[in-house]
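Student:
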Amino acid sequence: MEIKEPFKSQLEQGQIENARKTAIKLAENIIAHDGRYLAEESWGPEGNLYLSESAYALNRAYEIYGDPIYLEAVRVMLDKLKEIQKPSGGWTLEIGIGGNGRGFVIDEELTRITMEQEDLPPTVAALKTIADYTRLSGDDSYVEMGHKAFDWLMKYYDEDYGSFKEDEDNEILKYRSNPRSYHLFSLLGVHAWKTHNPEVCNRIFPRIVEFVKETFESYDPETMPLVYGLHCALLVQFCDEDYIWNTLKPKMDAEVVFNKRFKINERPGGYGHHDGLRGIVTDEAHTRSGAGIIIGMKFFDLYTGTNTYRQTQEYKDLSNWIDSMRANDLYYEYETIPAGEKIGHGSPGQYLPIWWIFGGF
Numbered sequence: 032m033e034i035k036e037p038f039k040s041q042l043e044q045g046q047i048e049n050a051r052k053t054a055i056k057l058a059e060n061i062i063a064h065d066g067r068y069l070a071e072e073s074w075g076p077e078g079n080l081y082l083s084e085s086a087y088a089l090n091r092a093y094e095i096y097g098d099p100i101y102l103e104a105v106r107v108m109l110d111k112l113k114e115i116q117k118p119s120g121g122w123t124l125e126i127g128i129g130g131n132g133r134g135f136v137i138d139e140e141l142t143r144i145t146m147e148q149e150d151l152p153p154t155v156a157a158l159k160t161i162a163d164y165t166r167l168s169g170d171d172s173y174v175e176m177g178h179k180a181f182d183w184l185m186k187y188y189d190e191d192y193g194s195f196k197e198d199e200d201n202e203i204l205k206y207r208s209n210p211r212s213y214h215l216f217s218l219l220g221v222h223a224w225k226t227h228n229p230e231v232c233n234r235i236f237p238r239i240v241e242f243v244k245e246t247f248e249s250y251d252p253e254t255m256p257l258v259y260g261l262h263c264a265l266l267v268q269f270c271d272e273d274y275i276w277n278t279l280k281p282k283m284d285a286e287v288v289f290n291k292r293f294k295i296n297e298r299p300g301g302y303g304h305h306d307g308l309r310g311i312v313t314d315e316a317h318t319r320s321g322a323g324i325i326i327g328m329k330f331f332d333l334y335t336g337t338n339t340y341r342q343t344q345e346y347k348d349l350s351n352w353i354d355s356m357r358a359n360d361l362y363y364e365y366e367t368i369p370a371g372e373k374i375g376h377g378s379p380g381q382y383l384p385i386w387w388i389f390g391g392f
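Going by the working numbering, the first residue of the sequence shown is number 32, and it counts up by one from there.
1) Assign Gly310 to one of three DSSP states: helix, strand, or coil.
2) Excluding the 5 residues flanking Leu109 on each side, which residues of the same chain have their C-beta closer than 6 Å to its C-beta?
3) Using a 10 Å radius around the Cβ and a threshold of 16 neighbouring Cβ atoms, would you call Trp224 buried or exposed?
4) Tell me the rounded alpha-carbon separation between Tyr340 and Asp332.
5) Taking the CB atoms as reference points, tell me whether Ser320 and Val258 lie closer together than 8 Å.
6) Can you give me the start and stop residues for the beta strand (DSSP E) that Glu366 sits inside?
7) I'd like to confirm the pairing. Which residues does DSSP put opposite Asp284 in its beta bridges?
8) Using three-state DSSP, classify Phe195 as helix, strand or coil.
9) Sort Gly336, Thr318 and Tyr101 by Cα distance to Gly275 and report the nearest one.
10) Assuming Gln46 and Asp354 make a contact with CB atoms under 8 Å, what is their CB distance in whole Å?
11) Which same chain residues, not among the five before or five after Ser350, have their C-beta less than 6 Å away from its C-beta?
12) Using only the alpha-carbon positions, how far apart do Asp273 and Cys263 sit?
13) Suppose you measure from the CA of Asn296 to the CA of Leu167; what does that come to, to the nearest Å?
14) Could you say if the stretch 116-124 and the stretch 188-195 meet the contact criterion of at least three C-beta pairs nearer than 8 Å?
15) Since Glu253 and Glu315 should fall inside the 8 Å C-beta cutoff, what is the C-beta to C-beta distance between them, to a whole number of angstroms?
16) Check whether the Cβ atoms of Leu265 and Val288 lie closer than 8 Å to each other.
17) At the level of alpha carbons, what is the spacing between Asn131 and Gly323?
18) In terms of alpha-carbon separation, which member of Lys347, Ala358, Pro256 and Asp170 lies closest to Val312?
19) Assuming Ala50 and Ala104 are in contact, meaning their beta carbons sit under 8 Å apart, how far apart are those beta carbons, in whole angstroms?
20) Just to confirm before moving on: does the CB-CB distance between Ile61 and Ser83 stay below 8 Å?
21) Among the residues of its own chain, which have a CB less than 8 Å from the CB of Arg298, if the five just before and after it don't count?
22) With which residues is Ile374 paired in a DSSP beta bridge?
23) Would you kindly check if the distance between the Cβ of Ile326 and the Cβ of Gly220 is under 8 Å?
24) Assuming Glu315 is part of the beta strand (DSSP E), what are its boundary residues?
25) Closest to Asn90 by C-alpha separation, out of Leu124, Ile161, Glu248 and Gly377, would be which residue?
26) Which same chain residues, not among the five before or five after Tyr71, have their C-beta less than 6 Å away from its C-beta?
27) Using 10 angstroms around the beta-carbon of Asp163, count the other beta-carbons present and answer buried if the total reaches 16, otherwise exposed.
28) Just reading off the alpha helix (DSSP H) that Phe289 is part of, what are its end residues?
29) To the nearest angstrom, report how far apart Pro99 and Tyr93 are at their CA atoms.
30) By Cβ distance, which residues of its chain are closer than 6 Å to Met185, with the 5 residues on each side in sequence left out?
31) DSSP three-state label for Arg298, please.
32) Considering only DSSP beta bridges, list what Trp122 is partnered with.
33) Which of helix, strand or coil does DSSP assign to Asp189?
34) Using 8 Å as the threshold, is the C-beta distance between Tyr363 and Thr53 below it?
Spelled out as structure tokens, the structure:
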């Protein structure tokens, strides 16, 4: 299927067909499982946040190719979201609904809490899914569902805090390594929802941008590469040139791209991750870590109109290593070092390489 002209310069040459095949498999899996994505082998228990993250990849694929299977998968996913939306308008995280994974397990109590208690990240993330699907399909049958979710979210908006402020007694918070990091979905969701509630969204959006900037600036060299890279990818879209070149780039260079704490010398392009129990782990090279970094680098170049990062050896090594993690059109979650065992084939993180290769989400 032919690529639409406006997107050709944004795609990762040499990887385009890989992303298309992965997006097709992602869509087919979601359709076959009535709006869920069920992995062959997951690294850990996953939750509802992955529905919207996957939808971002599928909506982007539809923009590029126009293949109706992508929108069909998002529509089926939205039907599932409508089915499980709470009367309040929010969604629960539902961690562990697909079972535990190879990397870690969770207890029954956390599963129960995340099945019963509305949660901000999956709710605000769904706003972008609904808005993008409506824009691309012309089908507005899910907009009311979005308005209901937005009304619930606004009960938690705190101008002084700078975003949607979760209840301090929310037990889910203690399981998040950095609760502030999830507000990148607040930025994405509110920006997308401007079409449907411009007055409120235009008022609160600048403050949320500042909140995300403050979060990024609070990171240190031990912060997970995935959230670091995704924050770079977002902020380069919404900040002025002074911030981009004098704050964003120096911090990315020093603490992410050239950060030796996470680099795995035995695997050029391989990066470890920060485990809540084990600390910084470098005997595993994680696709999510590598994808987060390369997404940050790629988006920096796209939105500054430069070739700042894509000409570096680090970028080339990342590209080659991520490609080595593919098999049968799906990506593995991580590779053990030095054994070289690849684990988590087809895990729910498939959307991340698609975001990178297609240059958008």
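Note that beta-carbon positions come from the ideal geometry of N, C-alpha and C, so glycine has one too.
Tutor: According to the structure shown:
1) It is a strand residue.
2) So the list reads Tyr173, once near-sequence residues are dropped.
3) Trp224 should be labelled buried.
4) 7 Å
5) With contacts defined as CB atoms closer than 8 Å, Ser320 and Val258 fail to qualify as a contacting pair.
6) Looking at the DSSP string, the run of the beta strand (DSSP E) that includes Glu366 is Tyr365 to Thr367.
7) In the DSSP output, where bridge partners are listed per residue, Asp284 has none listed.
8) strand
9) According to the sequence as given, residue 275 is Ile; it is not Gly. Residue Gly336 is the option with its Cα nearest to Ile275.
10) 7 Å
11) none
12) 14 Å
13) 43 Å
14) no
15) Wrong, their Cβ atoms sit about 16 Å apart, outside the cutoff.
16) no
17) At Asn131 the pLDDT is 49, less than 50, meaning the model places this residue with poor confidence and gives no usable figure here.
18) The shortest C-alpha to C-alpha distance from Val312 to any of Lys347, Ala358, Pro256 and Asp170 is the one to Pro256.
19) The Cβ separation is near 15 Å, so there is no contact.
20) no
21) Only Ala316, Trp352, Glu366 and Ile368 meet the Cβ criterion.
22) Tyr365
23) Remark: C-beta atoms of Gly220 and Ile326 do not approach each other more closely than 8 Å.
24) First-last of the beta strand (DSSP E) with Glu315: Glu315 to His317.
25) Answer by Cα proximity: Ile161.
26) It should be noted that the sequence gives Glu, not Tyr, for residue 71. Taken in chain order, the residues that qualify are His376 and Gly377.
27) buried
28) Here Phe289 belongs to no alpha helix (DSSP H), and DSSP marks it neither H nor E.
29) 7 Å
30) none
31) coil
32) Asp150
33) Reduced to three states, the DSSP call for Asp189 is strand.
34) Thr53 is positioned such that its CB atom lies no closer than 8 Å to that of Tyr363.
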